[in-house]
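> Numbering (the working numbering), first residue to last: 329 to 516. Where is the CB? At the ideal position from N, CA and C, for every residue including glycine. As the structure is a computational prediction, the values presented were derived from the model and not from experiment. Below is a structure I'd like to ask you about.
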Ligand SMILES: [Zn+2]
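Structure follows, in structure tokens:
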């Protein structure tokens, strides 16, 4: 009887540790090892600045609107990475945003990646921090030939748009070294 009990206890122990290991093993890839990782290949991100306007957060746009994200200069076809782990909220195509991916992260944070060329994730899919979710494109408002190819990145906290630079991304503003045009851009 004593022997049977100990065998049973060992079996239960094995099952419990198996379940725990399974949960840890599943969760591990979705942990955020850093607060945010770069959404592009480069760690140092450069804000787009061209004849159609500047890509800074809250930069003026047509109709008194303000730029809701930040435009990061990047070559078409380059990879776009998830800045944090999370779940895909929406993958779609929008007139202004072009092809986009929207991610819901832990807590109240979400992020949006726009003007993409290819979309590599689907609705509801779980993504790791740094996972390639698409490639840089020139879709939506970014189609204009004068507009430098870029990734439009938006970050929302409690449905309020915040400057992605606040999340610790290394972003340089190249606009100070170039002449600024006075006409507000139509680009997103
Ligand atoms: Zn933009």
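If you run the structure through DSSP and keep just helix, strand and coil, what is residue 474?
coil
> Is the closest heavy atom of ligand 1 to the C-beta of residue 435 under 7 Å?
no
> Would you say the beta carbon of residue 350 is closer than 7 Å to some non-hydrogen atom of ligand 1?
no
> Kindly indicate which three-state DSSP category residue 494 falls into: helix, strand or coil?
The answer is helix: DSSP assigns residue 494 an H, G or I state.
> Taking C-beta to C-beta, are residue 313 and residue 367 nearer than 8 Å?
There is simply no residue 313 to check, as the chain begins at 329 and stops at 516 in what is shown.
> Are there any heavy atoms of ligand 1 lying less than 7 Å away from the beta-carbon of residue 395, as far as the coordinates show?
yes
> Please determine whether the Cβ atom of residue 472 lies at a distance below 7 Å from any heavy atom of ligand 1.
no
> Which partner residues of residue 382 appear in the DSSP bridge assignment?
377
> Please tell me whether residue 416 and residue 450 are closer than 8 Å, where the distance is taken between their beta carbons.
yes
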